[in-house]
Amino acid sequence: MTVTYSSKVANATFFGFHRLLLKWRGSIYKLLYREFIVFAVFYTAISLVYRLLLTGAQKRYFEKLSIYCDRYAEQIPVTFVLGFYVTLVVNRWWNQFVNLPWPDRLMFLISSSVHGRDEHGRLLRRTLMRYVNLTSLLIFRSVSTAVYKRFPTMDHVVEAGFMTADERKLFDHLKSPHLKYWVPFIWFGNLAAKARKEGRIRDSVDLQSLMTEMNRYRSWCSLLFGYDWVGIPLVYTQVVTLAVYTFFFACLIGRQFLDPTVGYAGHDLDLYIPIFTLLQFFFYAGWLKVAEQLINPFGEDDDDFETNWCIDRNLQVSLLAVDEMHMSLPKMRKDIYWD
Amino acid sequence: MTVTYSSKVANATFFGFHRLLLKWRGSIYKLLYREFIVFAVFYTAISLVYRLLLTGAQKRYFEKLSIYCDRYAEQIPVTFVLGFYVTLVVNRWWNQFVNLPWPDRLMFLISSSVHGRDEHGRLLRRTLMRYVNLTSLLIFRSVSTAVYKRFPTMDHVVEAGFMTADERKLFDHLKSPHLKYWVPFIWFGNLAAKARKEGRIRDSVDLQSLMTEMNRYRSWCSLLFGYDWVGIPLVYTQVVTLAVYTFFFACLIGRQFLDPTVGYAGHDLDLYIPIFTLLQFFFYAGWLKVAEQLINPFGEDDDDFETNWCIDRNLQVSLLAVDEMHMSLPKMRKDIYWD
Amino acid sequence: MTVTYSSKVANATFFGFHRLLLKWRGSIYKLLYREFIVFAVFYTAISLVYRLLLTGAQKRYFEKLSIYCDRYAEQIPVTFVLGFYVTLVVNRWWNQFVNLPWPDRLMFLISSSVHGRDEHGRLLRRTLMRYVNLTSLLIFRSVSTAVYKRFPTMDHVVEAGFMTADERKLFDHLKSPHLKYWVPFIWFGNLAAKARKEGRIRDSVDLQSLMTEMNRYRSWCSLLFGYDWVGIPLVYTQVVTLAVYTFFFACLIGRQFLDPTVGYAGHDLDLYIPIFTLLQFFFYAGWLKVAEQLINPFGEDDDDFETNWCIDRNLQVSLLAVDEMHMSLPKMRKDIYWD
Amino acid sequence: MTVTYSSKVANATFFGFHRLLLKWRGSIYKLLYREFIVFAVFYTAISLVYRLLLTGAQKRYFEKLSIYCDRYAEQIPVTFVLGFYVTLVVNRWWNQFVNLPWPDRLMFLISSSVHGRDEHGRLLRRTLMRYVNLTSLLIFRSVSTAVYKRFPTMDHVVEAGFMTADERKLFDHLKSPHLKYWVPFIWFGNLAAKARKEGRIRDSVDLQSLMTEMNRYRSWCSLLFGYDWVGIPLVYTQVVTLAVYTFFFACLIGRQFLDPTVGYAGHDLDLYIPIFTLLQFFFYAGWLKVAEQLINPFGEDDDDFETNWCIDRNLQVSLLAVDEMHMSLPKMRKDIYWD
Amino acid sequence: MTVTYSSKVANATFFGFHRLLLKWRGSIYKLLYREFIVFAVFYTAISLVYRLLLTGAQKRYFEKLSIYCDRYAEQIPVTFVLGFYVTLVVNRWWNQFVNLPWPDRLMFLISSSVHGRDEHGRLLRRTLMRYVNLTSLLIFRSVSTAVYKRFPTMDHVVEAGFMTADERKLFDHLKSPHLKYWVPFIWFGNLAAKARKEGRIRDSVDLQSLMTEMNRYRSWCSLLFGYDWVGIPLVYTQVVTLAVYTFFFACLIGRQFLDPTVGYAGHDLDLYIPIFTLLQFFFYAGWLKVAEQLINPFGEDDDDFETNWCIDRNLQVSLLAVDEMHMSLPKMRKDIYWD
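Chains as they are written, first to last, in this note's numbering: chain A, 116 to 454; chain B, 116 to 454; chain C, 116 to 454; chain D, 116 to 454; chain E, 116 to 454.
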């Protein structure tokens, strides 16, 4: 489920964002506490070995190694790589959100352009609407792990009422080595053309409006599919991950407190707890987590899109709009500003 | 209310932006003075403790700690993180502004395409226009805290004349577990289709123009809803906030003036007032405030969008345009350049 | 007036951009010389005080202060803040340019779709075109200081022939607490609808083309208005300005040449003229000037849009196109490649 | 073939991206192992020469050279140049993906708007569809090396069934010094206009829908062609490549372990294997590889678009949709939510 | 002519980009060798003066100056300024490319919507097409130096067959103080409207399709004009150029090899040839050259758009498509996948 916090930041107030630091759901703490523990344990282990187990000469060697690591840790361009990479991921994530297929535009047109309050008219509108929902469901199944869990087979799709048994048969009957998610969308076109021939759709202009809108809907679907199919190149993700992990690896050794009595520059204080290194871990690992969370927004993270909810909402609302609400109108009355 | 200063910067003049530094409303000073005071008080407190309370050995320890903090303060990539984050926030904010729903395009079409100067025609146009305004009001209620305060219940919506009692009843009557802000928009379609059947709208082309425009209007509404619903991932905001707060925390200790007589490098001057640290506080905290102010532009900040004003303007203007101004035309006369 | 130099950089040649460094109009020198003089005077004053007035101990103190300032000057992230900010300003500026309302699309449609070479037909086309120009003029008046100076009252608008006296009366007569720049645009719709009824516009398709185009025109207008109304948040501009000014303030003291005989690191040369600091002033102040110049492109800077010229060109050209050129066609002859 | 890994990152989990580090196909290791070996061999060679072959004085000279190289290696702005360049390449790559021509929108319209289940009707629809596929095939041949290998001559195009012998003749017959990939697209228009005249397409609205869609299809095609024709300026690519290669060249010498006993600052440890330099090689060379892989996504890299697969899929699916599926409709039945 | 190298980088191979380093046309070497020689000569001259002419005290002074310059050279933010600026220039350049006016969409519509194979019909289609080409030619003349050289006067335009003598007369006859490139575009509208009246264009829908497409074409033209008219503000270009030139100036002195025997830090090696400084020159000057080359892509650089070729191609192809190919159709035959 998406974590919405916009109402908490409606106004810029005294230390406005500090409240956000205290949330748990969808928070950096929830996402990172395991990695944080692992990091802390390793750091402590190395620290203990250095302090308790090593002999004098070994300690000197370790100290040199630590300084060496520290110097290179600073050369790793984590900030930049993460900045550019996260910007890319965030843009893709948002584009996926704005391209989620919503049937509202189509249900509006179908309700007003496909006429007839009789059973055939109702059936026509409901079926058209069902095809719309079916198209997106087929796409969501291949894009979203959550939806796939809910509809693992076409049987589940039929059972859930998105497809009738007849449609299932015709669908399976079609011979094609390729994905067939586009099939209901052709049915939609055929059915609309038939409705036009029968006069249920009055005009070619109305028909083409429906067609254009359906094509837009399908483009949303296929764009989602495209985002899933062609992700950020694996190499890019690996480069970024390597950079961050190497940085932390270098920090494990390089950010140890060295014996102040030896007098290395910048090492005249032993705080035991490397507070700033731990905070840096939070920044960088948190920043990478932003990417991890958003790179596939159709999973089951706290911040992922609620695709299953969308599917239910769309079917319920769109059938309501084209059937029960078709031509239902409140009596027109003068508004209070009349004259 | 939005803070408009563009007329003050129309021309690039001698130290052109310095005038902007002297404004109070919507200014960095107004937004930050509380945080600034807190920061200054803490800094002073630590400074006093160091100067007056600590013994010699404690002072030496504190000095080491201060140098340690200062070194790490510089390693925190505040500039970058803020740069990327604020760019993201500003883009979202501007997209929200350009997607504010304005009924002007629709009122233009309704005024010219829905015919009839009799009472029924007037009622038709006014009702269509009212549905348009109602759709956006329902969205604004869930998006903007300011609008929600003004219309806490549907009763307030009815009272304000956006909805009639009949409509209210029909609206409540609809059974749906989901939000129903799309309902007036279906009514709009049904009413327009009816007007087409009655000949008030002359042609399917005119009807489909209205429909397309209404769909565009609804898309604006739902995009606003989307921006509210799916914000910048909480983790990202937390990462940035943590980075900035940690930086300031490190500065509180690390930017203290250390006793020049001890002779630490870079600490041979005691100015008492850390002028540059305070200015840095202004930059970074101010930059973060930009994000805080814009992340939800529907609050009540000085720089937030004046949604309530929009709602009033839209209703007043759109009713005026489709009713009083319908087919009202100044007498055509030759312009002064004729021949 | 816009400064066009593209023809000077058509080809990438030997030290291609150096010619641009020698221009005066719209140049960095013209924009900055006053600030530069102020900066140089202050720098010199401080330098003279240090060299001539201060006693030995005061000099030592000043030197420490100077080193302190220099160290912090380098910590101020001017480059980044300016990079991100100027990118934002340049994008907004360009978007405003591409959204300037040009009536060419409309005059093309009106000339070919509104028929009749008689006086009524001519009047119809000229009036429609005038409404288009009037809409943008009303917007330009509130957006551009240059246009406002030229048309300070509605009387000037009438005098200039954009509005007739009758229209003025009707316009003033409309009661609305809100801006009324949208009124001519409703008149346009009404007049076009009337022309359709009279058969001057032959088809609803033609009518809706006109309507769509007019709506596009109006969207350009309102987008310009939006850019003026909702600027870059004041806080952001203040943060950037503060950063740059603070940097220069720190430079005034921190970049003084200290007595080489005292032997501070990096201070073993006294050049009297701080050539690189002055160049840095040019970079950063110049970069900020880019923002200052572009943040409101409707002023009277050398590089601002020539709005008054646009207004004249649009009226002249569009009346010519819909009246004199209506149905005027050169005799069709075979071109030279025929067969 | 595209490397899809989105299902592996559906949820942000414990060290979520680490699994991606262990893939081979499309991975950084597969792409880089050869360069890595070359780099390692050179590094080792230089190291061995320094350690074993050089005399004392030569060693001292080499050490100075090494320190000199190291200092300049850090001045090379590899991170920035790569950041800006890769962002540009990734944007172009993604734009090419979203502009791949898919015939789905057209097949939907043809199936529903071009009527007649008789042989002539079938032929009409299949031929229209074939022209669509032919247009994109001609473009793909000049854009994609993989497609060109498969269809090296027009004979192969005819053999594969995208063109008939008659069409081939007419195509070859056309005299033009320019590319002729636009020819089938004109045939499409002519054939559609003929179908309209024959009444197979019922209305000009339907016809113009087809035309608009075909124009959109052609725009995709020509955009792909444009991306191929006008690449990122060679100079830019050369600048980036030079920067990266120079950096590695400088590292080969500058990152050698110098004899710790001589006591150069930062050289008091001899690890033999320059672990961080090798990791840096992975980051930067990997980042450049991202660009190399994406700069022309129509090659045969692991991550390139599967153009040949697209061509087959599009032909098969589109013929199926407009022929076998034309007006084929499952029997309408009440869905399970009826009343 | 554009330098196309995409086929050379189709696959990411072993040191994939190194081949690009060996090209001459459009390469960094060709663009930069003159500047490079100038830089090298100056560097050598200063080096020789320092080594051979200066006395001991002068040498010491020069060495201090050199160190001073070197320190400031590093403070100049060349990388950033160039990164942001080049990104801006590249975006503008690409937008200009995708907005080049191609008549393909229009020729497709004209060929299929303007009927009649008789001479009048042919003349009609050819004339419409000629007006389209004329519109863009007029724009190209004012935008591109290469085109202007080819068509320095309107006589050349007439001679080349883009305009007839009659049209020339009518064109010159029009009184307007403003540019008249929009005139053929009005003629197009008038001629299309006439064709509609004569029944050569069958339907208002077809007519409006043509009009919309023509408006799109004109928008491309005027956008090109806009890019030429309103360039990147001169100040920005000057700031960037100043930054780069200052950097190189500082390098000339600051990167000299100082006498190693004097023992300045970092100056214990005299390589005579400043290999890394020369490489840096290549990076930065090359990066700036990218901007120089792209800032006006209508010149005669190796990488500029081949506008004259476009003009010829467009006229030839579009006349062919609307005349010879009008209603020419290969005989429809069953494709090889039939049944």
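Even for Gly, the Cβ is constructed at its ideal location relative to N, Cα and C.
Task: Within-7 Å CB hit, Met442/B to chain A - done: In the second sequence, residue 442/B corresponds to position 327, counting from 1. No, Met442/B does not count as interfacial toward chain A.
Task: Beta carbon of Leu243/D nearer than 7 Å to that of Ile254/D - done: If you number the fourth sequence from 1, residue 243/D lands on position 128. If you number the fourth sequence from 1, residue 254/D lands on position 139. Contact flag unset, no.
Open item on the list: I need the straight-line Cα distance from Leu221/A to Val213/A, nearest angstrom please.
Closed with: In the first sequence, counting from the first residue as 1, residue 221/A sits at position 106. In the first sequence, counting from the first residue as 1, residue 213/A sits at position 98. Rounded to whole angstroms, Leu221/A to Val213/A spans 17 Å at the Cα level.
TODO: Measure the C-alpha to C-alpha separation of Leu386/A and Glu189/D and round it to an integer number of angstroms.
DONE: In the first sequence, the residue the question calls residue 386/A occupies position 271. In the fourth sequence, the residue the question calls residue 189/D occupies position 74. About 31 Å.
Task: Cα-Cα separation between Lys295/B and Leu430/A, rounded to whole angstroms - done: Start at 1 with the first residue of the second sequence, and residue 295/B comes out as number 180. Start at 1 with the first residue of the first sequence, and residue 430/A comes out as number 315. C-alpha separation (whole angstroms): 14 Å.
- [ ] Kindly indicate which three-state DSSP category Ile316/C falls into: helix, strand or coil?
- [x] In the third sequence, residue 316/C corresponds to position 201, counting from 1. Ile316/C falls in the strand class under three-state DSSP.
Task: Residue from Leu168/D, Leu180/D and Val204/D whose Cα sits closest to the Cα of Leu403/D - done: Position 288 of the fourth sequence, counted from the first residue, corresponds to residue 403/D. When each option's Cα is compared against that of Leu403/D, the closest is Val204/D.
Task: Backbone secondary structure at Val262/B - three-state DSSP - done: For this step, residue 262/B is matched to residue 147 along the second sequence. Residue state, collapsed to three classes: helix.
- [ ] Report the residue from Ala172/E, Glu150/E, Tyr183/E and Asp233/E whose alpha carbon sits nearest the alpha carbon of Ala380/C.
- [x] By one-based count along the third sequence, residue 380/C stands at place 265. Minimum Cα distance to Ala380/C is reached at Tyr183/E.
Open item on the list: My output table needs one value for Lys345/C: the three-state DSSP class, helix, strand or coil.
Closed with: The residue labelled residue 345/C in the question sits at position 230 within the third sequence. Reading the sequence as shown, one finds Val at residue 345/C and not Lys. Three-state DSSP puts Val345/C in coil, outside helix and strand.
Task: Contact with chain E by Glu407/D, beta-carbon distance below 7 Å - done: Position 292 of the fourth sequence, counted from the first residue, corresponds to residue 407/D. Yes - at least one Cβ of chain E is within 7 Å of the one on Glu407/D.
Open item on the list: Suppose only complete runs of 4+ residues qualify. What are the alpha helix (DSSP H) ranges in the region 343-416 of chain D, listed by chain order?
Closed with: 349-369 and 390-409
TODO: Quick one: list the residues of chain A neighbouring Val320/B, beta-carbon separation under 7 Å, in chain order.
DONE: Residue numbering aside, residue 320/B sits at position 205 when the second sequence is read from its first letter. Within chain A, the residues near Val320/B are Val320.
Task: Residues that Val229/A bridges to, as DSSP identifies them - done: As a working note, residue 229/A is residue 114 in the first sequence. Val229/A is bridged to Ile316/A.
Open item on the list: Rounded to whole angstroms, what is the Cα-Cα separation between Glu178/C and Leu373/C?
Closed with: Within the third sequence, residue 178/C is the residue found at index 63, counting from 1. Within the third sequence, residue 373/C is the residue found at index 258, counting from 1. Taking the straight line joining both Cα atoms gives about 6 Å.
Task: Straight-line gap, Leu435/B to Leu135/A (C-alpha atoms, nearest Å) - done: Your numbering for residue 435/B matches position 320 in the second sequence. Your numbering for residue 135/A matches position 20 in the first sequence. Approximately 45 Å, taken between the alpha carbons.
TODO: Output, in chain order, the set of chain E residues within a Cβ distance shorter than 7 Å of Glu282/D.
DONE: Position 167 of the fourth sequence, counted from the start, is the residue given in the question as residue 282/D. Neighbours of Glu282/D on chain E, chain order: Pro445.
Open item on the list: Does the structure place the region 326-345 of chain D close enough to the region 389-406 of chain E that three or more beta carbon pairs sit under 8 Å?
Closed with: no
Task: Where Ala365/B meets chain A, residues with beta-carbon distance less than 8 Å - done: In the second sequence, residue 365/B corresponds to position 250, counting from 1. Neighbours of Ala365/B on chain A, chain order: Phe391.
Open item on the list: Counting C-beta neighbours from all protein chains within 10 Å, is the total for Thr159/A 16 or more, i.e. buried, or is it exposed?
Closed with: On the first sequence, position 44 is the one that residue 159/A refers to. It is exposed - the Cβ of Thr159/A has fewer than 16 other Cβ atoms within 10 Å.
- [ ] Check whether the Cβ atoms of Ala308/B and Ser227/A lie closer than 7 Å to each other.
- [x] As a first step, residue 308/B must be located in the second sequence, where it is residue number 193. As a first step, residue 227/A must be located in the first sequence, where it is residue number 112. In contact: Ala308/B and Ser227/A (Cβ atoms closer than 7 Å).
Task: Distance, Pro299/E Cα to Asp450/C Cα - done: The residue labelled residue 450/C in the question sits at position 335 within the third sequence. The residue labelled residue 299/E in the question sits at position 184 within the fifth sequence. Roughly 15 Å separates the two Cα atoms.
TODO: Kindly say whether Tyr187/B, judged by its beta-carbon, lies nearer than 7 Å to any beta-carbon of chain A.
DONE: Taking the first residue of the second sequence as position 1, residue 187/B is located at position 72. Output row for Tyr187/B: interface = yes.
TODO: Give every residue of the same chain whose Cβ lies closer than 6 Å to the Cβ of Thr146/A, excluding the five residues on either side of it in the sequence, and list them in chain order.
DONE: Start at 1 with the first residue of the first sequence, and residue 146/A comes out as number 31. First, the amino acid is wrong: residue 146/A is Leu here, not Thr. Answer for Leu146/A: Lys404, listed in chain order.
Task: Neighbour flag for Asp416/A against chain B, beta carbons, 7 Å - done: Locating residue 416/A in the first sequence gives position 301, counting from the first residue. No, Asp416/A lies away from the interface with chain B (no Cβ there is under 7 Å from its Cβ).
Open item on the list: Does the structure place the region 353-369 of chain D close enough to the region 194-208 of chain D that three or more beta carbon pairs sit under 8 Å?
Closed with: yes
Task: Anticipated Cβ contact below 8 Å, Ser259/D with Phe413/D, distance rounded - done: For the purposes of this step, residue 259/D is taken as the residue at position 144 of the fourth sequence. For the purposes of this step, residue 413/D is taken as the residue at position 298 of the fourth sequence. The Cβ separation is near 4 Å, so the contact holds.
Open item on the list: Restricting to Cα atoms, I'd like to know which of Trp209/D, Phe151/D and Val350/D is closest to Tyr342/A.
Closed with: As a position in the first sequence, residue 342/A is number 227, starting the count at 1. That would be Trp209/D, whose Cα lies nearest to the Cα of Tyr342/A.
Open item on the list: Closer than 9 Å between beta carbons: that is the criterion. Which residues of the region 356-388 of chain D meet it against chain A?
Closed with: Correct list: Pro375, Gly381, Asp383, Leu384 and Leu386.
Task: the ligand NAD heavy atom lying under 6 Å from the CB of Phe364/C - done: Looking for the ligand NAD in the displayed structure turns up nothing, as the structure carries no ligands at all.
Task: For Asp185/C, three-class secondary structure by DSSP - done: Position 70 of the third sequence, counted from the first residue, corresponds to residue 185/C. Three-state result, Asp185/C: helix.
Open item on the list: I'd like to know if Tyr158/D contacts chain E, where contact means its C-beta is closer than 7 Å to some C-beta of that chain.
Closed with: For the purposes of this step, residue 158/D is identified with residue 43 of the fourth sequence, where counting begins at 1. So, not an interface residue.
Open item on the list: Does any residue of chain C have a CB that is nearer than 7 Å to the CB of Ala172/E?
Closed with: Working through the fifth sequence from its first residue, we reach residue 172/E at position 57. It does not; no Cβ of chain C falls within 7 Å.
Open item on the list: Please identify the residue among Gly304/D, Phe340/D and Arg315/D whose C-alpha is closest to the C-alpha of Met326/D.
Closed with: Within the fourth sequence, the letter at position 211 stands for residue 326/D. Cα-wise, what sits closest to Met326/D is Gly304/D.
TODO: State yes or no: is the C-beta of Phe90/C within less than 7 Å of the C-beta of Val193/C?
DONE: Because residue 90/C is not part of the residues shown, which for chain C are 116 to 454, the question remains open.
Task: Closest residue to Met447/B among Leu215/C, Val320/C and Arg241/C (Cα-Cα distance) - done: Taking the first residue of the second sequence as position 1, residue 447/B is located at position 332. Closest by alpha carbon: Arg241/C.
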